[in-house]
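Novice: Quick note: the sequence shown uses this note's numbering, first residue 13, plus one each step. Here it is, the structure in full.
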Amino acid sequence: MKGTAGTLPCPAAERGHQQMVREQYMTTTPGTSLERPKNEYVYKIGIYGWRKRCLYLFVLLLLIILVVNFSLTIWILKVMWFSPTGMGHLRVTKEGLRLEGESEFLFPLYAKEIHSRVDSSLLLQSTHNVTVNARNSNGEVTGRLNVGPKMVEFHSQQFQINSKDGKPLFTVDENEVVIGTDKLRVTGPEGALFEHSVETPLVKAEAFKQLRLESPTRSLSMDAPRGINIKAQAGNIEALSQMDIKLHSSDGVLLLDAETVRLPKLPEGTRGGSGISQGLYEICVCPDGKLYLSVAGVGSTCQEYSRVCQ
């Protein structure tokens with residue numbers, strides 16, 4: 013059999029041709045409305061709804077807090093007077109901290125050295141008292157100075173006041189009190205009162221003032237290993253006693269060196285019989301100046317060559 017050869021149509025090629033024709037028709041025919049296929053899944057990117065509003069509110073709150081904190085910081089810096097060199101009246105220098113004006117410390121202050129300016133004094137003031145403590149390495153108080161409203165107290169083994177050149181002026185310890193000045197001056201109207209003995213090389217009154225040594229209810233004793241010198245260059249020397257005044261020399265003489273020696277209140281005897289002394293005595297003087305008593309009589313009973321003078 014003879015026949016004519018031909019081609020058979022392919023189903024896949026036919027479907028592809030139909031799709032191309034449909035797409036070409038859809039793009040080349042304007043004005044036509046065709047329903048496009050709907051997407052089954054929709055993905056939204058970002059924050060929406062009440063979450064977005066909360067985020068904006070939180071950011072706004074942070075901005076408000078930031079502005080308030082910045083304002084408070086500026087206000088504190090201005091009120092406290094902060095500066096690159098310190099705070100307020102407090103300045104940081106190479107030598108330490110410098111504080112100008114009045115300051116109040118509510119808690120203890122620990123410092124190695126505290127001194128005032130050159131042209132001003134240092135004032136420590138408190139409503140109750142001012143206490144300065146010195147401690148050792150173990151923290152124990154070794155010295156304490158307490159300045160109160162009625163009394164100044166110092167607790168230590170020794171208290172010493174020095175001059176500007178380091179000379180000790182006043183020293184006190186458990187055994188003695190030492191005054192290192194050249195002159196001790198007592199300006200009180202009642203003078204100086206000593207309950208016990210006083211040891212000093214010189215007792216002197218001020219110029220044009222009287223010096224008086226007095227013991228109202230007890231005796232007054234002056235002892236010196238090498239003599240006692242009582243001198244009044246422009247006045248008299250008076251020794252007053254309620255009872256007796258005794259001048260005693262254990263190894264030596266009692267010398268009265270004056271132009272006239274007077275005993276104005278000695279009792280004088282009356283003329284009587286011989287041998288009647290009336291309890292009176294006569295003071296006799298030996299050629300060497302020695303004094304002795306002799307029973308008084310009508311005439312003088314002193315003998316130039318008495319055995320007392322031998």
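Glycine included, every Cβ here is placed at the ideal spot set by N, Cα and C.
What alpha helix (DSSP H) runs, 4 residues minimum, are completely inside the region 48 to 127?
Specialist: Whole alpha helix (DSSP H) segments, 4+ residues: 62 to 91.
Novice: Just checking my contact of residue 293 with residue 305 at CB under 8 Å: how many whole Å lie between their CB atoms?
Specialist: Start at 1 with the first residue of the sequence shown, and residue 293 comes out as number 281. Start at 1 with the first residue of the sequence shown, and residue 305 comes out as number 293. Rounded, the Cβ-Cβ distance is 4 Å, consistent with contact.
Novice: For residue 127 versus residue 136, is the C-beta spacing smaller than 8 Å?
Specialist: As a working note, residue 127 is residue 115 in the sequence shown. As a working note, residue 136 is residue 124 in the sequence shown. For residue 127 and residue 136, no; Cβs fall outside 8 Å.
Novice: Using a Cβ-Cβ cutoff of less than 6 Å, which residues in the same chain neighbour residue 145 once the five nearest sequence positions on both sides are dropped?
Specialist: For this step, residue 145 is matched to residue 133 along the sequence shown. The answer, listed in chain order, is 153 and 156.
Novice: Quick one: what does DSSP say residue 298 is sitting in, helix, strand or coil?
Specialist: As a first step, residue 298 must be located in the sequence shown, where it is residue number 286. Note: residue 298 maps to coil in three-state DSSP.
Novice: If you count every other CB in all the chains shown that lies within 10 Å of the CB of residue 308, and 16 or more means buried, which is it?
Specialist: Locating residue 308 in the sequence shown gives position 296, where the first residue counts as 1. With 16 or more other Cβ atoms within 10 Å, it is buried.
Novice: Look at residue 170 and residue 190 and say whether their C-beta atoms are less than 8 Å apart.
Specialist: Start at 1 with the first residue of the sequence shown, and residue 170 comes out as number 158. Start at 1 with the first residue of the sequence shown, and residue 190 comes out as number 178. Taking 8 Å as the Cβ cut-off, residue 170 and residue 190 do not qualify as a contacting pair.
Novice: Does the separation of the CB atoms of residue 299 and residue 321 fall below 8 Å?
Specialist: To locate residue 299, count along the sequence shown from 1; it is residue 287. To locate residue 321, count along the sequence shown from 1; it is residue 309. In this structure, residue 321 lies closer than 8 Å to residue 299 by Cβ.
Novice: Distance check for residue 187 and residue 181, CA to CA, integer angstroms please.
Specialist: Position 169 of the sequence shown, counting from 1, holds the residue named residue 181. Position 175 of the sequence shown, counting from 1, holds the residue named residue 187. Roughly 17 Å separates the two Cα atoms.
Novice: Compare the beta carbon distance of residue 118 and residue 109 with 8 Å and say whether it is the shorter of the two.
Specialist: Here residue 118 refers to the residue found at position 106 of the sequence shown. Here residue 109 refers to the residue found at position 97 of the sequence shown. Taking 8 Å as the Cβ cut-off, residue 118 and residue 109 do not qualify as a contacting pair.
Novice: Which residue marks the beginning of the beta strand (DSSP E) containing residue 142, and which one marks its end?
Specialist: Your numbering for residue 142 matches position 130 in the sequence shown. That run of the beta strand (DSSP E) goes 142 to 147.
Novice: Once DSSP output is grouped into helix, strand and coil, what is the label at residue 156?
Specialist: As a working note, residue 156 is residue 144 in the sequence shown. Correct three-state label for residue 156: strand.
Novice: Less than 8 Å between the CB atoms is what I'm expecting for residue 232 and residue 225, so what's the real figure, rounded?
Specialist: Sequence index remark: in the sequence shown, residue 232 carries index 220 (1-based). Sequence index remark: in the sequence shown, residue 225 carries index 213 (1-based). Yes, residue 232 and residue 225 are in contact; Cβ-Cβ is about 6 Å, under 8 Å.
Novice: Using the three-state DSSP reduction, which class does residue 307 fall into: helix, strand or coil?
Specialist: Your numbering for residue 307 matches position 295 in the sequence shown. In this structure, residue 307 counts as strand in the three-state DSSP scheme.
Novice: To test your reading of the DSSP string, which unbroken beta strand (DSSP E) runs of 3 or more residues are found completely within the region 165 to 251?
Specialist: Within the region 165 to 251, the complete beta strand (DSSP E) runs of at least 3 residues are 171 to 174, 180 to 184 and 189 to 191.
Novice: With distances taken from CA atoms, which of 130, 83 and 143 is nearest residue 120?
Specialist: Sequence index remark: in the sequence shown, residue 120 carries index 108 (1-based). Looking at the Cα atoms, 143 is the closest of the given residues.
Novice: Roughly how many angstroms lie between the CA atoms of residue 91 and residue 105, to the nearest whole one?
Specialist: For the purposes of this step, residue 91 is taken as the residue at position 79 of the sequence shown. For the purposes of this step, residue 105 is taken as the residue at position 93 of the sequence shown. Approximately 22 Å between the Cα atoms of the pair.
Novice: Go through its chain and collect everything with a Cβ distance to residue 312's Cβ below 7 Å, but skip five positions before and after it.
Specialist: Looking up residue 312 in the sequence shown gives position 300. Answer for residue 312: 294, listed in chain order.
Novice: Do residue 267 and residue 259 have their CB atoms nearer than 8 Å?
Specialist: Counting from 1 along the sequence shown, the entry for residue 267 is found at position 255. Counting from 1 along the sequence shown, the entry for residue 259 is found at position 247. Cβ distance not < 8 Å, so residue 267 and residue 259 don't count as in contact.
Novice: Quick check: the Cα distance between residue 138 and residue 210, rounded to an integer number of angstroms?
Specialist: Within the sequence shown, the letter at position 126 stands for residue 138. Within the sequence shown, the letter at position 198 stands for residue 210. Roughly 40 Å separates the two Cα atoms.
Novice: In whole angstroms, what is the alpha-carbon distance linking residue 296 and residue 319?
Specialist: Translated into the one-based positions of the sequence shown, residue 296 becomes position 284. Translated into the one-based positions of the sequence shown, residue 319 becomes position 307. Their Cα atoms are separated by approximately 12 Å.
Novice: Less than 8 Å between the beta carbons of residue 141 and residue 158, yes or no?
Specialist: As a working mapping, residue 141 is identified with position 129 in the sequence shown. As a working mapping, residue 158 is identified with position 146 in the sequence shown. In contact: residue 141 and residue 158 (Cβ atoms closer than 8 Å).
Novice: Just to confirm my understanding: we take residue 239, look at its own chain, exclude 5 residues before and 5 after, and list those with CB closer than 6 Å. What are they?
Specialist: To locate residue 239, count along the sequence shown from 1; it is residue 227. For residue 239, where only same-chain residues beyond five positions count, there are no Cβ hits under 6 Å.
Novice: Out of curiosity, what's the CA-to-CA distance linking residue 243 and residue 273?
Specialist: Numbered from 1 along the sequence shown, position 231 holds the residue referred to as residue 243. Numbered from 1 along the sequence shown, position 261 holds the residue referred to as residue 273. Distance between the alpha carbons of residue 243 and residue 273: 18 Å.
Novice: Indicate, with yes or no, if the ligand ADP has a heavy atom lying under 7 Å from the CB of residue 233.
Specialist: Of ligands this structure carries none, so the ligand ADP is not represented either.
Novice: Looking only at its chain, what residues have a beta carbon closer than 6 Å to the beta carbon of residue 167, apart from the 5 residues adjacent to it on each side?
Specialist: Start at 1 with the first residue of the sequence shown, and residue 167 comes out as number 155. Contacts found: 156.
Novice: Can you check whether the CB of residue 192 is closer than 8 Å to the CB of residue 176?
Specialist: Numbered from 1 along the sequence shown, position 164 holds the residue referred to as residue 176. Numbered from 1 along the sequence shown, position 180 holds the residue referred to as residue 192. Contact flag unset, no.
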